[in-house]
Every structure is written in structure tokens, then in C-alpha cells.
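Visitor:
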Amino acid sequence: MKFGIVVNEGPYTHQAADTAYQFTKSVLEKGHDVYRVFFYHDGVNVGTRMTVPPQDERHIQRNWSELAEKYDLDMVVCIAAAQRRGIMDENEAKRQGLDGDNIAPGFRISGLGQLIEAGIQSDRLVTFGD
Amino acid sequence: MNDMADTGEQTIKKFLYVNRKAPYGTIYALESLEVVLIGAAFEQDVSLAFLDDGVFQLMKGQDTADIGVKNFSPTYRALGDFEVTKLFVEKESLEERGLSEDDLMEITYEDEDDDWEEKPSIHLVNRSELAAVMAEQDVILSF
Amino acid sequence: MSILHTVNKSPFEKQSLSSCVAHASHGDAVLMIEDAVYGAVSGTAAAAQLEENKNISIYALGPDLNARGLGEAKLAEGVNVVDYNGFVELAVEHDKTQSWL
Chain A
105 MKFGIVVNEG PYTHQAADTA YQFTKSVLEK GHDVYRVFFY HDGVNVGTRM
155 TVPPQDERHI QRNWSELAEK YDLDMVVCIA AAQRRGIMDE NEAKRQGLDG
205 DNIAPGFRIS GLGQLIEAGI QSDRLVTFGD
Chain B
2 MNDMADTGEQ TIKKFLYVNR KAPYGTIYAL ESLEVVLIGA AFEQDVSLAF
52 LDDGVFQLMK GQDTADIGVK NFSPTYRALG DFEVTKLFVE KESLEERGLS
102 EDDLMEITYE DEDDDWEEKP SIHLVNRSEL AAVMAEQDVI LSF
Chain C
1088 MSILHTVNKS PFEKQSLSSC VAHASHGDAV LMIEDAVYGA VSGTAAAAQL
1138 EENKNISIYA LGPDLNARGL GEAKLAEGVN VVDYNGFVEL AVEHDKTQSW
1188 L
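Chains as they are written, first to last, in our numbering: chain A, 105 to 234; chain B, 2 to 144; chain C, 1088 to 1188.
1) Return the residues of the stretch 86–110 of chain B that lie within a Cβ-Cβ distance of less than 8 Å from chain A, sorted by chain order.
2) Pick out whichever of B/104, B/114, B/106, B/92 has its Cα sitting closest to the Cα of residue 129 of chain B.
3) My understanding is that residue 94 of chain B touches residue 67 of chain B, with C-beta atoms under 8 Å, so please give their C-beta distance in whole angstroms.
4) Taking the alpha-carbon of residue 1190 of chain C as reference, which of C/1109, C/1098, C/1121 has the nearest alpha-carbon?
5) Less than 8 Å between the beta carbons of residue 210 of chain A and residue 179 of chain A, yes or no?
6) Could you please tell me which residues of the stretch 133–144 of chain A, in chain order, have their CB closer than 9 Å to any CB of chain B?
7) How is residue 1168 of chain C classed by DSSP in three states: helix, strand or coil?
8) Mind checking if residue 128 of chain B is an interface residue toward chain C, Cβ cutoff 8 Å exclusive?
9) Anything in the stretch 1159–1179 of chain C with a Cβ closer than 7 Å to a Cβ of chain A? List those residues in chain order, please.
10) Distance check for residue 223 of chain A and residue 89 of chain B, CA to CA, integer angstroms please.
11) With a floor of 3 residues, list each beta strand (DSSP E) that falls wholly inside the stretch 96–127 of chain B, ordered by position along the chain.
12) Between which residues of its own chain and residue 81 of chain B is the CB-CB distance below 8 Å, once the five residues before and five after are set aside?
13) How far does the alpha helix (DSSP H) with residue 1186 of chain C in it extend, from its first residue to its last?
14) What does a CB cutoff of less than 8 Å around residue 197 of chain A pick up in its chain, not counting 5 residues either side in sequence?
15) List, in chain order, every chain A residue whose beta-carbon is nearer than 7 Å to that of residue 1183 of chain C.
16) Three Cβ pairs or more, each shorter than 8 Å: is that satisfied between the stretch 30–50 of chain B and the stretch 1092–1101 of chain C?
17) Run through DSSP, which three-state label would residue 3 of chain B get?
18) Establish whether the CB of residue 1109 of chain C and some CB of chain B are separated by less than 8 Å.
19) Please give the ranges of any beta strand (DSSP E) in the stretch 129–195 of chain A, keeping only runs that are unbroken, at least 3 residues long and fully inside the region.
20) Of the residues that make up the stretch 175–204 of chain A, which ones have a beta carbon closer than 7 Å to any beta carbon in chain C?
21) Do the stretch 10–26 of chain B and the stretch 1154–1169 of chain C touch if we need at least three Cβ pairs shorter than 8 Å?
22) Compare the Cα-Cα distances from residue 219 of chain A to each of B/27, B/87, B/21, B/32 and report the closest residue.
23) For a quick check, are the C-beta atoms of residue 239 of chain A and residue 164 of chain A less than 8 Å apart?
24) Report yes or no: is there a C-beta of chain B within less than 8 Å of the C-beta of residue 219 of chain A?
25) Find the residues of chain A that neighbour residue 1121 of chain C, judging by a C-beta separation of less than 7 Å, and give them in chain order.
26) Which residues of chain B have a Cβ atom closer than 8 Å to the Cβ of residue 128 of chain A, listed in chain order?
27) First and last residue of the beta strand (DSSP E) that includes residue 1146 of chain C?
28) Just the Cα atoms here: how many angstroms apart are residue 230 of chain A and residue 1181 of chain C?
29) How far does the beta strand (DSSP E) with residue 109 of chain A in it extend, from its first residue to its last?
30) Can you list, in chain order, the residues of its chain whose CB lies under 6 Å from that of residue 23 of chain B, leaving out five sequence neighbours each side?
31) According to DSSP, is residue 122 of chain A helix, strand or coil?
32) What are the boundary residues of the alpha helix (DSSP H) that residue 1076 of chain C is part of?
33) Below 8 Å, can you find three or more Cβ-Cβ pairs linking the stretch 105–122 of chain A to the stretch 155–164 of chain A?
34) Against chain C, does residue 154 of chain A count as a neighbour if the rule is that its beta carbon must be under 8 Å from one of theirs?
35) Using the rule of at least 16 other Cβ atoms within 10 Å of the residue's Cβ for burial, across every protein chain shown, is residue 1185 of chain C buried or exposed?
36) Among A/147, A/149, A/226, A/130, which has the Cα closest to the Cα of residue 140 of chain A?
Printed below as a string of C-alpha cells:
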């Protein structure tokens, strides 16, 4: 079965990004497919590579990046939400005249249409947020 | 099991956007509306549900000048132009908040199948009718 | 057609659980995750509301119960405990999911 996953809250303040991670991992380990993980609202903040949590804490962004690498996940950060919150890839940073980018490995920035498409293409769309 | 219509090349699913949060205090109402507007281009069968504090999104007379935040309430009235014409508002949620339909913006659309007659987009439904609307969807998005 | 409803708010802070249960139809399932698992404890007003609705099945996420010190002995009757794999199975068994955020 094909799953779409929506993450609507950022890391550390809310549990949503952790629950979404555990759920997505289980989906994949059970042999299902994940069509796309879409990060929206403050969820886009999961996709910055600039977080440095204490050594003995989980690294939420790195967990996601590693899961993406292992299973070839498509992880999309919403561009409109990302621009509001300062999540940039190299192209977008250049286009906006900014001095740097911060997107983490395995994440890509794209439009909201990717969320609708995930709803159309997936058998189940599961949302995590606050 | 699944009653989505498959028209060959394009799949049409029933999408329901569930709005349960008030505007301005958090960004959810605005960013939910942005999804609805983008989603309209995909020509799916779209409905919106307003319940709990979500009914506050449709209040008349919103004026945000003094809080320095953009007033996005006029966008709801433009939804008809995007062929988003089914807005289900829960009666019980209105009543619990001391509101009636008169407190809400008038939202209409022009029905192209009926000589462009102007028709109301807002449908007041009770709790069990709204539960039935939820039950018949293919995809439910909540923010 | 049935729905897996997920709720993640404590019922003592927000009314998401009560609203969810009021909108759940026969054959639906309600899964309490994150802070919503406080609603699974027996003897509370929230549990009473869950017990009233016999048409829906009630689940709570075990890892979230454990994290919050809520052992199975504390749970209201009729609450089924699942882990993340069980969460995935519930999502598969129902036609769609609805998150009461």
C-alpha cells in the first residue's frame, strides 16, 4: 500500500515530527511504500541542516535524512511555508539574493501542488501536527 | 470499497479540508486556505468543513489593520471563482459560540450548469450530517 | 468506508477528543497518540465519553502511554493498546485517516 505523510510541526517543540518519523519508519519496515513526505507549516523547519541538538538527544533532521537515504524517500518542503520561515536551498537562496542556504540532505523544496498530488496518488494520507 | 471516479487519465478524488482553528492566533487557517487555492488547479471534488473554532474563520467584519496582519477573509468569498463551492458549516459549533449564519460572510458562486445563477456556497449542516460528509471522502486534510 | 481518527491533544486541555468522538461513525476507530493518551485513563470524564460510544473502537499508542507513566492497569475498559506497527495496520484497515489536530 502507498502512504503519503504530512508533517505540520517543527522539531523539538512538538512531538509531531517524532511521531511522524516512527510511523513512517514502521510503514517502510512493514514493506509498504511511501509516495512522499510533505513538510508544511512549521514542519518545514525539520528540513534545515543547521540544528545542533545535544549529543545525548535524538537528531530529528538527521533521522529523517537517513531514512530518506535508506528508502529513497521523496521528502518535500513546501516553498511558500519555507520562504516565510527561512528554509532555503541553493537555487532559492540565489534567486532571493540571500547569502546562504540551509536545506538538509534528502529534502527538496517544491510547491503545494506536491501535497495535493500526494493525496491523489497515495492510498492513505496521514497527517501529523499540533 | 473505494468510490473514487477514475476517468482514465485523471483520477478524481473527494478531498475534504477540515478547518477547526480560529484565524490570526495561529497561521493554520491562512495556510490551509493556500492549500485549497493551489489544490483547485487539480480539478478534484473539493469540500471544506468548518467546525469547532474553525467557524470563526468565516466571521463578517474582520478588520486586522491594528494587529498588522493581512486580512485574508475576502479570499473565502473568492473561492467560487476557483470552483470551490461546497462549504459545510456545523450548526452546533455556531450555536455553542453564540453565533448564527447571520454572523458569517455571504459566500456565493455562479453555477455554470444553471445559467450562471448565483448560489450560496455555505451549507449549514448538523453534527451527524457533517459526520456523513466526512465518511464519504477519499482524502481528509486537517491543519 | 471507515475512518481512522487520530487525536493528539490532552482532553483536559482541548476538546479535540470529544469533537472527534462526536463525529466518528459506526465502524470508525479512534487512536489516541501523544498527549491524547491521558484521555485513556479510567475514571476520567474523557473515558466516560469514550465508553458511551459503543459503535467505534478505541486505541491508544503504547509508546506514548509508557513515556507518560501510564501502565495498562490505569487504562479505561475497552481501550486497546497498539505500537507504531499497530498504528500502521489501523491506517491500512480503514479507508482513510483524519487527524484532529
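Quick reminder that beta carbons are idealized off the backbone N, C-alpha and C, glycines included.
Guide: With the given structure in hand:
1) None of the residues of the stretch 86–110 of chain B has a beta carbon lying less than 8 Å from any beta carbon of chain A.
2) Mapped onto the second sequence, residue 129 of chain B falls at position 128. Proximity to residue 129 of chain B across B/104, B/114, B/106, B/92 peaks at B/92, based on C-alpha coordinates.
3) Position 93 of the second sequence, counted from the start, is the residue given in the question as residue 94 of chain B. Position 66 of the second sequence, counted from the start, is the residue given in the question as residue 67 of chain B. Contact flag wrong, Cβ pair sits at about 27 Å.
4) An answer regarding residue 1190 of chain C cannot be provided, because it is not within the stretch 1088 to 1188 covered by chain C.
5) Taking the first sequence and counting its residues from 1, the one referred to as residue 210 of chain A is at position 106. Taking the first sequence and counting its residues from 1, the one referred to as residue 179 of chain A is at position 75. The answer is yes: Cβ separation under 8 Å.
6) 144
7) Sequence index remark: in the third sequence, residue 1168 of chain C carries index 81 (1-based). Of the three classes helix, strand and coil, the one that applies to residue 1168 of chain C here is strand, per DSSP.
8) Within the second sequence, the letter at position 127 stands for residue 128 of chain B. Flagged as an interface residue toward chain C: residue 128 of chain B, by a C-beta distance shorter than 8 Å.
9) Residues of the stretch 1159–1179 of chain C that bring their beta carbon within less than 7 Å of a beta carbon in chain A comprise 1171, 1172, 1174, 1175, 1178, 1179, in sequence order.
10) In the second sequence, residue 89 of chain B corresponds to position 88, counting from 1. In the first sequence, residue 223 of chain A corresponds to position 119, counting from 1. Those two C-alpha atoms are separated by around 21 Å.
11) 109–112, 118–121, 123–126
12) The residue labelled residue 81 of chain B in the question sits at position 80 within the second sequence. Excluding residues within five positions, the ones whose Cβ falls inside 8 Å are 108, 109, 110, 111, 122.
13) For this step, residue 1186 of chain C is matched to residue 99 along the third sequence. Note, residue 1186 of chain C: premise wrong, no alpha helix (DSSP H); beta strand (DSSP E) at 1183–1187.
14) Translated into positions along the first sequence, residue 197 of chain A becomes position 93. Apart from sequence neighbours up to five positions away, the residues of its chain that approach residue 197 of chain A with a beta-carbon distance below 8 Å are 203, 204, 205, ordered along the chain.
15) Translated into the one-based positions of the third sequence, residue 1183 of chain C becomes position 96. By Cβ distance, chain A contributes 228.
16) Taking a cut-off of 8 Å on C-beta distances, the stretch 30–50 of chain B does not touch the stretch 1092–1101 of chain C, as fewer than three cross pairs fall below it.
17) In the second sequence, counting from the first residue as 1, residue 3 of chain B sits at position 2. Annotation note: pLDDT 48 at residue 3 of chain B (below 50); position unreliable, coordinate value reported separately. Three-state DSSP puts residue 3 of chain B in coil, outside helix and strand.
18) Against the third sequence, residue 1109 of chain C aligns to sequence position 22. Yes, contact with chain B.
19) Segments of the beta strand (DSSP E) lying fully in the stretch 129–195 of chain A: 137–143, 179–182.
20) none
21) Flag = no, the stretch 10–26 of chain B and the stretch 1154–1169 of chain C do not touch.
22) Position 115 of the first sequence holds residue 219 of chain A. Per the Cα distances, B/32.
23) In the structure displayed, chain A extends from 105 to 234; residue 239 of chain A sits before or after that span and is not available.
24) Here residue 219 of chain A is taken as the residue at index 115 of the first sequence, counted from 1. Yes, residue 219 of chain A counts as interfacial toward chain B.
25) Against the third sequence, residue 1121 of chain C aligns to sequence position 34. Chain A residues near residue 1121 of chain C: 119, 123.
26) Here residue 128 of chain A refers to the residue found at position 24 of the first sequence. The contacting residues do not exist; residue 128 of chain A stays about 18 Å from chain B at best.
27) By one-based count along the third sequence, residue 1146 of chain C stands at place 59. Segment 1144–1148, the beta strand (DSSP E) holding residue 1146 of chain C.
28) Within the first sequence, numbered from 1, the residue matching residue 230 of chain A stands at position 126. Within the third sequence, numbered from 1, the residue matching residue 1181 of chain C stands at position 94. One C-alpha to the other measures close to 12 Å.
29) Stepping through the first sequence from its first residue, residue 109 of chain A is reached at position 5. Residue 109 of chain A -> beta strand (DSSP E) spans 106–111.
30) The count along the second sequence starts at 1 and reaches residue 23 of chain B at position 22. Cβ contact annotation for residue 23 of chain B (same chain, cutoff 6 Å, sequence separation greater than five): 54, 57, in chain order.
31) As a first step, residue 122 of chain A must be located in the first sequence, where it is residue number 18. Here residue 122 of chain A sits in helix by DSSP.
32) The question about residue 1076 of chain C has no answer, for chain C in this structure spans 1088 to 1188.
33) yes
34) In the first sequence, the residue the question calls residue 154 of chain A occupies position 50. Chain C places no beta carbon closer than 8 Å to that of residue 154 of chain A, leaving this residue out of the contacts.
35) Against the third sequence, residue 1185 of chain C aligns to sequence position 98. Under this definition residue 1185 of chain C is a buried residue.
36) Here residue 140 of chain A is taken as the residue at index 36 of the first sequence, counted from 1. The residue from A/147, A/149, A/226, A/130 with its alpha-carbon nearest to that of residue 140 of chain A is A/226.
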